[in-house]
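Peer 1:
There are 4 protein chains.
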Amino acid sequence: MTSLPTVPRGAGRDAITDAAREIFAERGYHGTSVRDIARHAGLSLSALYYWHPSKQHLLAALVEESTQEYFERCDAALREEGDEPADRLRALVRATVEYRVSRRVESAIAASEWRNLSLENRERLDGLRQAATRLWSDLIAEGVARGVFRCAHPEDARRSVIAACNAIAQWYEPGGDITLADLVERYGDIALRIVDHRG
Amino acid sequence: MTSLPTVPRGAGRDAITDAAREIFAERGYHGTSVRDIARHAGLSLSALYYWHPSKQHLLAALVEESTQEYFERCDAALREEGDEPADRLRALVRATVEYRVSRRVESAIAASEWRNLSLENRERLDGLRQAATRLWSDLIAEGVARGVFRCAHPEDARRSVIAACNAIAQWYEPGGDITLADLVERYGDIALRIVDHRG
Amino acid sequence: MTSLPTVPRGAGRDAITDAAREIFAERGYHGTSVRDIARHAGLSLSALYYWHPSKQHLLAALVEESTQEYFERCDAALREEGDEPADRLRALVRATVEYRVSRRVESAIAASEWRNLSLENRERLDGLRQAATRLWSDLIAEGVARGVFRCAHPEDARRSVIAACNAIAQWYEPGGDITLADLVERYGDIALRIVDHRG
Amino acid sequence: MTSLPTVPRGAGRDAITDAAREIFAERGYHGTSVRDIARHAGLSLSALYYWHPSKQHLLAALVEESTQEYFERCDAALREEGDEPADRLRALVRATVEYRVSRRVESAIAASEWRNLSLENRERLDGLRQAATRLWSDLIAEGVARGVFRCAHPEDARRSVIAACNAIAQWYEPGGDITLADLVERYGDIALRIVDHRG
DNA sequence: AATGAATGAGTATTCATTCAT
DNA sequence: TATGAATGAATACTCATTCAT
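So the protein lines, in turn, are chains A, B, C and D.
Residue numbering for the first sequence follows numbering that gives the first Met the number 0, beginning at 0 and increasing consecutively.
Residue numbering for the second sequence follows numbering that gives the first Met the number 0, beginning at 0 and increasing consecutively.
Residue numbering for the third sequence follows numbering that gives the first Met the number 0, beginning at 0 and increasing consecutively.
Residue numbering for the fourth sequence follows numbering that gives the first Met the number 0, beginning at 0 and increasing consecutively.
Below, the structure written as structure tokens:
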């Protein structure tokens, strides 16, 4: 029993979004009831529906925000970087790792609840998702073109690097021995090995 | 409307297990109703309960079988191999990739429905899961000890290799251009780069 | 999407009554939500409750106004008429037909939502309803007493005439080929035949 | 509190249909909850859904059965009759009155809940409804053609006769002073006067 | 070895209404 | 003279499961 916060008037929207994020992440979309969410938020069921038209909408909003933020972090990281492919790959890894760690909960939702989005929502958000993927693909292609990455199968390399970074969310415990900076360095190294980078 | 198969008398058990496998994989545990499973199996709801005590039991059986089989494939692959770490790592990758591809559906269930196992079942199956993990860890540790793998962080390497192999299930289409043998070779290469293998 | 009217300040009461009338008529009392009414009126839900204490009150007010007006029209029509029963019957038919046509919407509510009035409201309004009925009964009785109406069962005649007139609301389309004056004449004829009038 | 009957196993379907009929008639479609129906039937809510897919389906089934039966009674009554229009009109009145009285409850539903049918159901049942109407129209037209009915506006006559007969359901109390045979005779007379029949 | 009929607890969502401002 | 935010009870419907046969 976690103690239920008393929600100040007008703060309902965020309380509900926060609660939904936590419980969706913990139990999955179908394993979560809107009652659970409302209770966890310290509000009535009706208040939930005052702010959000449906459970599906709640999920879509979380996934959208998360997907959007991920893309923006990656995009920003690349724009701040020079044009050396190795540096740029490290930048993308850093953005991804930082994202998976600092937004662990919502990134888990975006990853595992994608199939529970309605067809409509899935189509709407797919472009954003692919845009993020393309950042990786283009970058690796460029490295290969320049001869600094030598991997024979760039798409497999890309998927492997992303999968390795994503998996961090499943085991990493913030506040433990390993710092975020450690992670960034380690997974940057791994990524460069995966694309077979030669200085 | 897929035509429902007429189940031969006595074949009920398998028909139900097969149906559960497909639908759990497609919609997730909580997104699946026992009615869906029974209907898909071409049997009555009561027949389902004749063969299986509960929905949870059905899930646990699938996860158990899948986890068991994975471990055995890995174990067998290693036993057939010599003691060269690189070869052994390739063997483990081969076992994993072949497993993810040939048992794509059940491996997806084992991966994503783990949290929906009851505490009891989760504890019961956890040993098996860890045993498989240990095969990887021990192997990489051995490679490092021998100086043929030079990765600084063997656990991160292990997680990355496994994550890369597992991700195959999400995109690979059997019957397409890429053969299973291609995959095994490509991901063996990637794995060896991840552990920083030097001939 | 019908465009919602902007309600001038102070005109809220009528806007709500009008909206309630339309929607109650269209979907029935239980098929209508107060939210529908407020939205249709272009006002907030709270504004509705500022002006009207409850949904039930809203219905009762509409039924009352309608029933009252019907009685007054009938009463006035009779007072303007001489004492010839046939003329008086035509006058009552005219009042009724004109009412059903010009107040089609509210008369439909009064007719079909009567049962959804609270017991209290039903009892309060019943006297008014019966008063209108008595106008018909007394008139027909008078005609029979004078020997100009020869129907053997005056109450059945009364119910039949009223039913015939009321039914007009279900099919008549104002602005079509049949004018209101046509209707008044046709249904006056029918009424006189029903009571078996002999000049 | 009416005592709830214990429903024998297997008799659920009828118990629910009967209960739905009664409560829909009493409170209207939207005024009735499926819980009310199940409780009234002496069964669980789930049993209701075992037998009927939805509340709407329940309504449509009742309306369909009622509309169908009404048409068949009218059709049968006409087929048993000779070709004299006056006799045939009396036959139709008899069928209608008997129907309204003996199937009072369902005929009230068919009359007042028509608008609560889904568009789909309404379209499906509309043909049946019109077929019944046509029996009346054709008959009156025939009487007019033969010169035995002299009404100037046959459609208004038709509507009036039907409205008069239908209204019986609103006031008639079986078991009172007036017998069904009385009603049939009285309303036959009224009908013949409405169409202005001359022997 | 299997079924048809039934259940109680739960689902997402909407209801009429009220509160604080 | 209004409103935005909130509520508790109800809504139609589905769930996993059990019972009698």
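Don't be surprised by glycine CBs; every beta carbon is placed ideally from N, CA and C.
Does the beta-carbon distance from ILE193(B) to ALA156(B) come in below 7 Å?
Peer 2: Taking the first residue of the second sequence as position 1, residue 193(B) is located at position 194. Taking the first residue of the second sequence as position 1, residue 156(B) is located at position 157. Going by C-beta atoms, ILE193(B) is nearer than 7 Å to ALA156(B).
Peer 1: If we ignore side chains and look at the alpha-carbon of each, how far apart do ARG121(D) and HIS29(C) end up?
Peer 2: The residue labelled residue 121(D) in the question sits at position 122 within the fourth sequence. The residue labelled residue 29(C) in the question sits at position 30 within the third sequence. Taking the straight line joining both Cα atoms gives about 20 Å.
Peer 1: Does HIS56(A) come out as helix, strand or coil in the three-state DSSP assignment?
Peer 2: Start at 1 with the first residue of the first sequence, and residue 56(A) comes out as number 57. Here HIS56(A) sits in helix by DSSP.
Peer 1: Should HIS196(D) be flagged as near chain C, meaning a C-beta pair shorter than 7 Å?
Peer 2: Position 197 of the fourth sequence, counted from the first residue, corresponds to residue 196(D). Cβ-Cβ to chain C under 7 Å: no for HIS196(D).
Peer 1: Along the stretch 45–70 of chain A, where does the CB come closer than 9 Å to a CB of chain B? Name the residues.
Peer 2: Listed by position along the chain: nothing, the set is empty.
Peer 1: So, helix, strand or coil for HIS196(C), using DSSP?
Peer 2: Taking the third sequence and counting its residues from 1, the one referred to as residue 196(C) is at position 197. In this structure, HIS196(C) counts as strand in the three-state DSSP scheme.
Peer 1: Go ahead and label LEU118(A) buried or exposed: buried means 16 or more other beta carbons lie within 10 angstroms of its beta carbon, across all protein chains shown.
Peer 2: As a first step, residue 118(A) must be located in the first sequence, where it is residue number 119. Flag for LEU118(A) reads exposed.
Peer 1: In whole angstroms, what separates the C-alpha of THR132(C) from that of HIS196(D)?
Peer 2: The residue you call residue 132(C) lines up with position 133 of the third sequence. The residue you call residue 196(D) lines up with position 197 of the fourth sequence. For THR132(C) and HIS196(D), the distance between alpha carbons rounds to 28 Å.
Peer 1: Just confirm the distance between the C-beta atoms of LEU191(D) and VAL100(D), as a whole number of angstroms; I'd bet it's less than 8 Å.
Peer 2: Translated into the one-based positions of the fourth sequence, residue 191(D) becomes position 192. Translated into the one-based positions of the fourth sequence, residue 100(D) becomes position 101. The Cβ separation is near 20 Å, so there is no contact.
Peer 1: Using DSSP bridges, identify the partner residues of PHE148(C).
Peer 2: Taking the third sequence and counting its residues from 1, one reaches residue 148(C) at position 149. Note: PHE148(C) sits in a beta bridge opposite HIS196(C).
Peer 1: What residue range is occupied by the uninterrupted alpha helix (DSSP H) comprising ASP176(A)?
Peer 2: Here residue 176(A) is taken as the residue at index 177 of the first sequence, counted from 1. That residue, ASP176(A), is in no alpha helix (DSSP H); it is neither H nor E in DSSP.
Peer 1: Distance cutoff 7 Å, beta carbons only. Does ARG158(A) sit that close to anything in chain B?
Peer 2: As a first step, residue 158(A) must be located in the first sequence, where it is residue number 159. Yes, ARG158(A) lies at the interface with chain B (some Cβ there is under 7 Å from its Cβ).
Peer 1: Using DSSP with H/G/I as helix, E/B as strand and the rest coil, what is PRO7(A)?
Peer 2: Within the first sequence, numbered from 1, the residue matching residue 7(A) stands at position 8. Coil, per DSSP.
Peer 1: Taking 8 Å as the threshold, find out whether the stretch 163–171 of chain A comes into contact with the stretch 97–113 of chain A through three or more Cβ pairs.
Peer 2: Contact between the stretch 163–171 of chain A and the stretch 97–113 of chain A is present, because at least three Cβ pairs lie under 8 Å.
Peer 1: Checking 7 Å against the spacing of the C-beta atoms, do GLY142(B) and PRO84(B) come in under that value?
Peer 2: Taking the second sequence and counting its residues from 1, the one referred to as residue 142(B) is at position 143. Taking the second sequence and counting its residues from 1, the one referred to as residue 84(B) is at position 85. It is a contact, given that the beta carbons lie within the stated cut-off.
Peer 1: How far does the alpha helix (DSSP H) with TYR98(D) in it extend, from its first residue to its last?
Peer 2: The count along the fourth sequence starts at 1 and reaches residue 98(D) at position 99. Looking at the DSSP string, the run of the alpha helix (DSSP H) that includes TYR98(D) is 84–101.
Peer 1: For the putative contact between GLY41(B) and ALA14(B), defined by C-beta atoms under 8 Å, what is the C-beta separation to the nearest angstrom?
Peer 2: Translated into positions along the second sequence, residue 41(B) becomes position 42. Translated into positions along the second sequence, residue 14(B) becomes position 15. The pair is a contact, with the Cβ atoms about 6 Å apart (cut-off 8 Å).
Peer 1: Quick one: list the residues of chain B neighbouring ASN201(A), beta-carbon separation under 8 Å, in chain order.
Peer 2: In the structure as shown, chain A starts at 0 and stops at 198, and residue 201(A) therefore has no counterpart that could be examined.
Peer 1: How many Å lie between TRP113(A) and HIS39(C) at the Cα?
Peer 2: Position 114 of the first sequence holds residue 113(A). Position 40 of the third sequence holds residue 39(C). If I take the Cα positions, the gap works out to 37 Å.
Peer 1: Could you name the residues of chain C that ARG89(D) contacts, counting a contact when the two beta carbons are closer than 9 Å?
Peer 2: Mapped onto the fourth sequence, residue 89(D) falls at position 90. Within 9 Å Cβ-Cβ: nothing; ARG89(D) doesn't reach chain C, min ~15 Å.
Peer 1: Could you check what DSSP says for TYR69(D) in three-state terms: helix, strand or coil?
Peer 2: Counted from its first residue, the fourth sequence places residue 69(D) at position 70. Helix, per DSSP.
Peer 1: Please decide whether ALA19(B) counts as near chain A, where near means a Cβ-Cβ distance under 7 Å.
Peer 2: Stepping through the second sequence from its first residue, residue 19(B) is reached at position 20. Cβ-Cβ to chain A under 7 Å: no for ALA19(B).
Peer 1: If you drop the 5 nearest sequence neighbours on each side, which residues of the same chain put their C-beta closer than 8 Å to that of VAL92(A)?
Peer 2: In the first sequence, the residue the question calls residue 92(A) occupies position 93. Contacts found: VAL160, CYS164, VAL183, TYR186, GLY187, ALA190.
Peer 1: Suppose you measure from the CA of LEU3(C) to the CA of VAL147(D); what does that come to, to the nearest Å?
Peer 2: On the third sequence, residue 3(C) is found 4 positions in, with the first residue counted as 1. On the fourth sequence, residue 147(D) is found 148 positions in, with the first residue counted as 1. Because the pLDDT at LEU3(C) is just 45, under 50, the model does not fix this residue reliably, and the point stays unresolved.
Peer 1: Rounded to whole angstroms, what is the Cα-Cα separation between PRO52(D) and LEU58(D)?
Peer 2: Here residue 52(D) refers to the residue found at position 53 when the fourth sequence is read from its first residue. Here residue 58(D) refers to the residue found at position 59 when the fourth sequence is read from its first residue. Distance between the alpha carbons of PRO52(D) and LEU58(D) is about 11 Å.
Peer 1: Quick test of your reading: ILE108(C) and SER65(C), contact by CB under 8 Å. State the CB separation rounded to the nearest angstrom.
Peer 2: Sequence index remark: in the third sequence, residue 108(C) carries index 109 (1-based). Sequence index remark: in the third sequence, residue 65(C) carries index 66 (1-based). Contact holds; Cβ gap of about 7 Å.
Peer 1: Just curious, the alpha helix (DSSP H) that SER159(D) is in, first and last residue?
Peer 2: Against the fourth sequence, residue 159(D) aligns to sequence position 160. Counting along the chain, the alpha helix (DSSP H) containing SER159(D) begins and ends at 153–170.
Peer 1: Span of the alpha helix (DSSP H) holding ARG114(D)?
Peer 2: To locate residue 114(D), count along the fourth sequence from 1; it is residue 115. From DSSP, ARG114(D) is part of no alpha helix (DSSP H); its letter is neither H nor E.
Peer 1: Which residues in chain C sit within 8 Å of HIS152(D), going by Cβ to Cβ distance?
Peer 2: Counting from one through the fourth sequence, the residue named residue 152(D) turns up at place 153. Here the neighbours are ARG185.
Peer 1: Please list the terminal residues of the continuous alpha helix (DSSP H) segment that includes LEU47(B).
Peer 2: As a first step, residue 47(B) must be located in the second sequence, where it is residue number 48. Note, LEU47(B): alpha helix (DSSP H), 44–50.
Peer 1: Please decide whether ALA85(B) counts as near chain A, where near means a Cβ-Cβ distance under 7 Å.
Peer 2: Translated into the one-based positions of the second sequence, residue 85(B) becomes position 86. Cβ-Cβ to chain A under 7 Å: no for ALA85(B).
Peer 1: Cα-Cα, which of ILE139(C), TRP170(C), GLY11(C) is closest to GLU154(D)?
Peer 2: Position 155 of the fourth sequence, counted from the first residue, corresponds to residue 154(D). Residue TRP170(C) is the option with its Cα nearest to GLU154(D).
Peer 1: Express the C-alpha separation of TYR69(D) and SER106(D) in angstroms, rounding to a whole number.
Peer 2: Numbered from 1 along the fourth sequence, position 107 holds the residue referred to as residue 106(D). Numbered from 1 along the fourth sequence, position 70 holds the residue referred to as residue 69(D). Their backbone Cα atoms lie some 9 Å apart in a straight line.
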